[in-house]
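Following: one structure in structure tokens, then a few remarks.
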Amino acid sequence: MAPAGAWIGVSDLPMEAVSVFAVAMWAGALTSFMVVLIMSSIEATE
């Protein structure tokens, strides 16, 4: 979990912005993870 200090700033934002930010973070992590998998599979097939 994030430290308590971070949640003080987050609590000022609307929940929609927080959820959109969380989804964007998840999408970026999943995208980078898929890119790593694809690159490793391409290197393995060569």
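The sequence shown begins at 1451 in this note's numbering and counts up by one. From the three backbone atoms N, C-alpha and C, an ideal C-beta is built for every residue, glycine too.
C-alpha distance - residue i paired with residue j, whole-angstrom precision
i	j	result
Ser1491	Gly1478	20 Å
Thr1481	Glu1493	18 Å
Val1470	Glu1496	39 Å
Ala1472	Met1465	10 Å
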